[in-house]
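Participant: Have a look at this one.
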């Protein structure tokens, strides 16, 4: 499974109904967390996210609504007895903020906390394992801020079950077929792998565009993504306010999604001034039909 | 009005039903906040606490469940347009933790944030105005930690309305009678103040005993208080665990309340291991009848 679960979609001031930004990306058996506003650890409980499976946390920038919940989450993971490493990626100053808060509490974490600084002006791959590759890219905000592209590689070839049966290959061998092996039959026939499988499906990508003003310069990072989250703090009648505050409108987010040719678009980071969110879809869909609201508790398949 | 509203009563790990420690003390028209765990600003919204009236925040110690919500609250107060000064009292390192988080976000608060360090080993009055006096005292915990005593002075004399009417004093003069003035009648009679008023009622006190192990040494700070909050992280069958972790049991809290001769006792800071809290009352009441659970959202009159 490759999916995104929304824990918070509000900007700046948390409200009772809308929490600050946080998203869990599930890639098969591991969980990544992107941003961690205040209360994210409670939201993970609310939506039955297994905190123990979390092993990578990505913080886009150091405005509080994107990271004030991080220290509490780290603290709780230790109290819950975690022993596996946890890696946090974020602007360099975040390390000091974490360290000082652990130090004054005389807290020694039960697990190893690895910190990977995101370097201003750079970008590129910051995490990679067999299944997942995460890269970051700069976006335009008031302070250094980054977007993330999560790519799920699919290395298993796709089995054609009727073909495998026709060649009388035992089901116990199917996983080796998916890994690309040929099958040697007892009667001497060598069943070539590509007679019974298809190439792996293409890689999939989720792109998270954190707080940013409208910037067509990021289109290359969005291109070809199956699912893109782009902030839309305001509706387009407040285009100037959005620009002044380095934020975007729903219309702008939809335009980028269209121009980048992505699959689907998630809108979020709504200003607290909007108590009703229907207007964001009304504005985005005429530009880009596959637009959705990043509603809290909802899981979107990539 | 002099009252305490509980925003959170859980220890260490927040759960969906129980939030980390935070309490709002209402003294007539001003609000004091004691401790500010993660999510306190949302809890203030949930229970309709007017955040704008908050002008003093007291942090007992720097374990996260007592202050991780502070930076988010400060940030939101500024975003909401606050202009009045806000004073924060806490261990000295708290100032650096606040400052660094404002700095990396390039945040300039719209109001003046005054920080008053609580000095280890000291104690005494830290805040005083016409109505309220707050003093702090050291308690025994793993790291420097303090309790707070909030005293409400009552300076207005108590009017005896029937007497004031009998002497034909106009109602417009009543507030001056409460302030202690005599009344000069047109017919030459001087109505002495103590003919129509009684002395002000005695001062009232609320005492907050933050995370602490059982320590009869704090009894002098509790003595004569109308209402005392004392942590009771565990039930008494875990007395040894409580001592090891510098926490208290419900039995110990009740014993202190009895020995100090206080009015009523609030129990809180319950370990997450207890899903049901009835046992705390069952343990405390036989020792000290006037024991109550610090239930979230409940307001207790001092």
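Residue numbers (my numbering), protein chains in the order written: chain A, 42 to 343; chain B, 42 to 343. By construction, the Cβ of each residue, glycine as well, lies at the ideal position given by its N, Cα and C atoms.
(1) DSSP three-state label for residue 71(B), please.
(2) From this set, 44(B), 63(B) and 42(B), which residue's C-alpha is nearest residue 337(B)'s C-alpha?
(3) So who's on the other strand from residue 309(B), going by DSSP bridges?
(4) Would you mind listing the alpha helix (DSSP H) stretches within the region 193-225 of chain B that are 4+ residues and don't spill past its ends, in chain order?
(5) Would you mind working out which of 234(B), 228(B), 145(B) and 321(B) sits nearest residue 215(B), comparing C-alpha positions?
(6) Based on Cα-Cα distance, which residue from 276(A), 53(A), 236(A) and 316(A) lies nearest to residue 122(B)?
(7) Using 8 angstroms as the limit for Cβ to Cβ distance, is residue 117(B) near chain A?
(8) Consider the Cβ of residue 55(B): report whether some Cβ of chain A lies at a distance smaller than 8 angstroms.
(9) Please work out which residues of its chain come closer than 8 angstroms, Cβ to Cβ, to residue 117(A), disregarding the five sequence neighbours upstream and downstream, and give them in chain order.
(10) Pull up the distance between the alpha-carbon of residue 301(A) and that of residue 128(B), whole angstroms please.
(11) Quick check on residue 303(B): buried or exposed, where buried means 16 or more other Cβ atoms within 10 Å of its Cβ?
(12) Starting from the beta carbon of residue 141(B), find every residue of chain A whose beta carbon is closer than 9 angstroms, and list them in chain order.
(13) In terms of alpha-carbon separation, which member of 272(B), 292(B) and 339(B) lies closest to residue 327(B)?
(14) Would residue 11(A) and residue 60(A) qualify as a contact pair, given that the criterion is a beta-carbon distance under 8 angstroms?
(15) Check whether the region 189-199 of chain A and the region 227-243 of chain A are in contact - that is, three or more C-beta pairs closer than 8 angstroms.
(16) Which residues mark the beginning and the end of the beta strand (DSSP E) in which residue 166(B) is found?
(17) Whose Cβ in chain E lies nearer than 9 angstroms to the Cβ of residue 109(A)?
(18) Grab me the residues of residue 225(A)'s own chain with a C-beta within less than 6 angstroms of its C-beta, minus the 5 sequence neighbours each way, in chain order.
(19) Since residue 298(B) and residue 269(B) should fall inside the 8 angstroms C-beta cutoff, what is the C-beta to C-beta distance between them, to a whole number of angstroms?
(20) Is residue 110(A) helix, strand or coil by DSSP?
(21) In whole angstroms, what is the alpha-carbon distance linking residue 120(B) and residue 106(A)?
(22) Within 10 angstroms of the Cβ of residue 281(B), are there 16 or more other Cβ atoms? Answer buried if so, exposed if not.
(23) Taking only the alpha-carbon atoms, compute the straight-line gap between residue 168(B) and residue 319(B) and give it to the nearest angstrom.
(24) Quick check on DSSP: helix, strand or coil for residue 288(B)?
(25) Quick one: which chain B residues come within Cβ less than 9 angstroms of residue 300(A)?
(26) Would you mind working out which of 185(B), 279(B) and 108(B) sits nearest residue 159(B), comparing C-alpha positions?
(27) What whole-angstrom Cβ distance do residue 80(A) and residue 80(B) have, given they're in contact under 8 angstroms?
(28) In angstroms with no decimal places, state the Cα-to-Cα distance between residue 278(A) and residue 177(A).
(29) Find the residues of chain A that neighbour residue 104(B), judging by a C-beta separation of less than 7 angstroms, and give them in chain order.
(30) Taking the alpha-carbon positions, what's the residue 316(B) to residue 274(B) distance?
(31) Just to confirm, is the Cβ distance from residue 45(A) to residue 343(A) under 8 angstroms?
(32) Taking the DSSP output, what are the residues bridged to residue 177(B)?
(33) What does residue 154(B) reach in chain A if we use C-beta pairs closer than 7 angstroms?
(34) Taking buried to mean at least 16 other C-beta atoms within 10 Å of its own C-beta, is residue 155(A) buried or exposed?
(35) Can you confirm whether residue 83(B), when its beta carbon is compared against all beta carbons of chain A, has any partner nearer than 8 angstroms?
(36) Indicate the three-state DSSP secondary structure (helix, strand or coil) for residue 341(B) in the structure shown.
Facilitator: According to the data block:
(1) Against the second chain, residue 71(B) aligns to sequence position 30. Reduced to three states, the DSSP call for residue 71(B) is strand.
(2) Along the second chain, read from residue 1 onward, the residue named residue 337(B) stands at position 296. Checking every option, the nearest Cα to that of residue 337(B) belongs to 63(B).
(3) Locating residue 309(B) in the second chain gives position 268, where the first residue counts as 1. For residue 309(B), which the question treats as bridged, DSSP gives the partners 272(B).
(4) 202-207 and 215-219
(5) Locating residue 215(B) in the second chain gives position 174, where the first residue counts as 1. The candidate whose alpha carbon is nearest that of residue 215(B) is 234(B).
(6) The residue labelled residue 122(B) in the question sits at position 81 within the second chain. When each option's Cα is compared against that of residue 122(B), the closest is 53(A).
(7) Here residue 117(B) is taken as the residue at index 76 of the second chain, counted from 1. Yes - at least one Cβ of chain A is within 8 angstroms of the one on residue 117(B).
(8) In the second chain, counting from the first residue as 1, residue 55(B) sits at position 14. Yes, residue 55(B) counts as interfacial toward chain A.
(9) Looking up residue 117(A) in the first chain gives position 76. Answer for residue 117(A): 82 and 92, listed in chain order.
(10) By 1-based counting over the first chain, the position of residue 301(A) is 260. By 1-based counting over the second chain, the position of residue 128(B) is 87. Answer to the nearest angstrom: the Cα atoms are 49 angstroms apart.
(11) Start at 1 with the first residue of the second chain, and residue 303(B) comes out as number 262. Looking at its Cβ environment, which holds 16 or more other Cβ atoms inside 10 Å, residue 303(B) is buried.
(12) To locate residue 141(B), count along the second chain from 1; it is residue 100. Simply 134, 137, 138 and 141.
(13) Taking the first residue of the second chain as position 1, residue 327(B) is located at position 286. Checked all of 272(B), 292(B) and 339(B); the closest Cα to residue 327(B) is 292(B).
(14) The structure shown does not extend to residue 11(A), since chain A spans only 42 to 343, so no value can be given for it.
(15) yes
(16) Indexing the second chain from 1 puts residue 166(B) at position 125. It spans 165-169 - the beta strand (DSSP E) in which residue 166(B) sits, taken as one unbroken run.
(17) The chain inventory of the structure shown lacks chain E, comprising the protein chains A and B.
(18) Here residue 225(A) refers to the residue found at position 184 of the first chain. The residues are 231.
(19) Here residue 298(B) corresponds to residue number 257 of the second chain, with the count starting at 1. Here residue 269(B) corresponds to residue number 228 of the second chain, with the count starting at 1. So it is a contact: roughly 6 angstroms between Cβ atoms.
(20) Locating residue 110(A) in the first chain gives position 69, where the first residue counts as 1. In this structure, residue 110(A) counts as coil in the three-state DSSP scheme.
(21) Taking the first residue of the second chain as position 1, residue 120(B) is located at position 79. Taking the first residue of the first chain as position 1, residue 106(A) is located at position 65. Computed Cα separation, rounded: 12 angstroms.
(22) As a first step, residue 281(B) must be located in the second chain, where it is residue number 240. It is exposed - the Cβ of residue 281(B) has fewer than 16 other Cβ atoms within 10 Å.
(23) The residue you call residue 168(B) lines up with position 127 of the second chain. The residue you call residue 319(B) lines up with position 278 of the second chain. If you draw a straight line from the Cα of residue 168(B) to the Cα of residue 319(B), it is about 36 angstroms long.
(24) By 1-based counting over the second chain, the position of residue 288(B) is 247. Residue state, collapsed to three classes: coil.
(25) Along the first chain, read from residue 1 onward, the residue named residue 300(A) stands at position 259. In chain order: nothing, as chain B lies at least about 30 angstroms away.
(26) Numbered from 1 along the second chain, position 118 holds the residue referred to as residue 159(B). Of 185(B), 279(B) and 108(B), the residue nearest in Cα terms is 185(B).
(27) If you number the first chain from 1, residue 80(A) lands on position 39. If you number the second chain from 1, residue 80(B) lands on position 39. At roughly 5 angstroms, the Cβ-Cβ gap stays under 8 angstroms, so residue 80(A) and residue 80(B) are in contact.
(28) If you number the first chain from 1, residue 278(A) lands on position 237. If you number the first chain from 1, residue 177(A) lands on position 136. Using only the alpha carbons, I get a separation of about 31 angstroms.
(29) As a working note, residue 104(B) is residue 63 in the second chain. What residue 104(B) touches in chain A: 146.
(30) Against the second chain, residue 316(B) aligns to sequence position 275. Against the second chain, residue 274(B) aligns to sequence position 233. Rounded to whole angstroms, residue 316(B) to residue 274(B) spans 13 angstroms at the Cα level.
(31) Along the first chain, one-based indexing puts residue 45(A) at 4. Along the first chain, one-based indexing puts residue 343(A) at 302. Going by C-beta atoms, residue 45(A) is nearer than 8 angstroms to residue 343(A).
(32) The residue labelled residue 177(B) in the question sits at position 136 within the second chain. Its beta-bridge partners are 165(B) and 189(B).
(33) The residue given as residue 154(B) occupies position 113 in the second chain. Within chain A, no residue comes near residue 154(B); the closest Cβ sits about 15 angstroms away, beyond 7 angstroms.
(34) Position 114 of the first chain, counted from the first residue, corresponds to residue 155(A). That one is exposed.
(35) Start at 1 with the first residue of the second chain, and residue 83(B) comes out as number 42. Yes - at least one Cβ of chain A is within 8 angstroms of the one on residue 83(B).
(36) As a working mapping, residue 341(B) is identified with position 300 in the second chain. Residue state, collapsed to three classes: strand.
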